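In our numbering, the protein residues as written are 605 to 780. Positions of the beta carbon are idealized from the N, C-alpha and C atoms, including for glycine. All of these numbers come straight from a predicted model, not from anything done at the bench. Reading through the structure tokens given below for one structure.
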Ligand code: RP5
């Protein structure tokens with residue numbers, strides 16, 4: 605299901621288009637599970653008026669979860685959580701200067717009362733999965749899809765181990 609095909613349940617928002625490769629991983633997961641989303645670029649620092657309008661309208665638009673990614677002094681997820689009353693998932697971007705620790709600390713160290721569910725640095729896929737799991741609390745069909753997804757991951761690891769046993773680690777490393 606592509607962006608804006610139906611009423612979006614998830615808002616994906618990022619501070620800059622430079623965040624897109626990571627945010628796209630979240631979008632890909634939502635598409636895999638058939639979850640409608642809207643993707644937006646908003647800089648909380650460079651256009652605070654636009655940001656406040658977005659956060660204030662998010663509930664009315666039907667969003668149940670916001671996935672917000674930002675880097676450096678990454679205030680976007682926390683400020684979404686300050687305004688939007690439902691879950692906000694934060695994705696800290698890797699940065700060249702501080703390796704993403706700046707983004708991570710900015711997003712994860714929220715004051716008591718305003719939580720942001722923070723995934724790993726550049727953790728776009730997990731943000732998408734966490735959003736799906738939040739929605740699955742009240743959607744049995746989606747929950748089944750998540751169980752199938754987990755079973756697929758398990759099968760992939762089992763297949764790798766079976767191949768290791770079959771060819772040994774030297775040939776496994778050589779891709780044989
Ligand atoms: C943040 O500043 C963005 O989320 C981005 O990760 C970082 C750098 O932005 P650009 O200078 O690439 O636009 O607001």
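When distances are taken from the beta-carbon of residue 624 to the heavy atoms of ligand 1, even the shortest one reaches 7 Å or more. The region 668-677 makes contact with the region 692-707, as at least three CB pairs between them are under 8 Å. Each residue's CA atom was taken as its position, placing residue 754 and residue 640 some 21 Å apart. Check the Cα spacing between residue 610 and each of 704, 699, 638: the tightest is with 638. Taken from the Cβ of residue 620, at least one heavy atom of ligand 1 lies inside 7 Å. Just so you know, the alpha carbons of residue 757 and residue 680 end up roughly 32 Å apart. Between residue 646 and residue 631 the beta-carbon gap is near 16 Å, outside 8 Å, which marks them as no contact. In the assembly as shown, residue 633 is a buried residue. Its beta-carbon has 16 or more other beta-carbons within 10 Å. By the beta-carbon neighbour count (other beta carbons within 10 angstroms, threshold 16), residue 665 is exposed. In the DSSP assignment, residue 696 forms a beta bridge with 674. Per DSSP, reduced to three states, the secondary structure at residue 645 is strand. When C-beta atoms of the region 731-745 are compared with those of the region 698-716, fewer than three pairs fall below 8 Å, so the two segments do not count as touching. In this structure, the C-beta of residue 697 approaches ligand 1 to less than 7 Å from one of its heavy atoms. Secondary structure remark: continuous alpha helix (DSSP H) runs of at least 4 residues inside the region 617-662, in chain order: 624-636. Less than 8 Å divides the Cβ of residue 685 from the Cβ of residue 720. Residue 619 places its beta carbon 8 Å or farther from that of residue 657.
The closest CA to that of residue 705, considering only 718, 725, 734, is found on 725.
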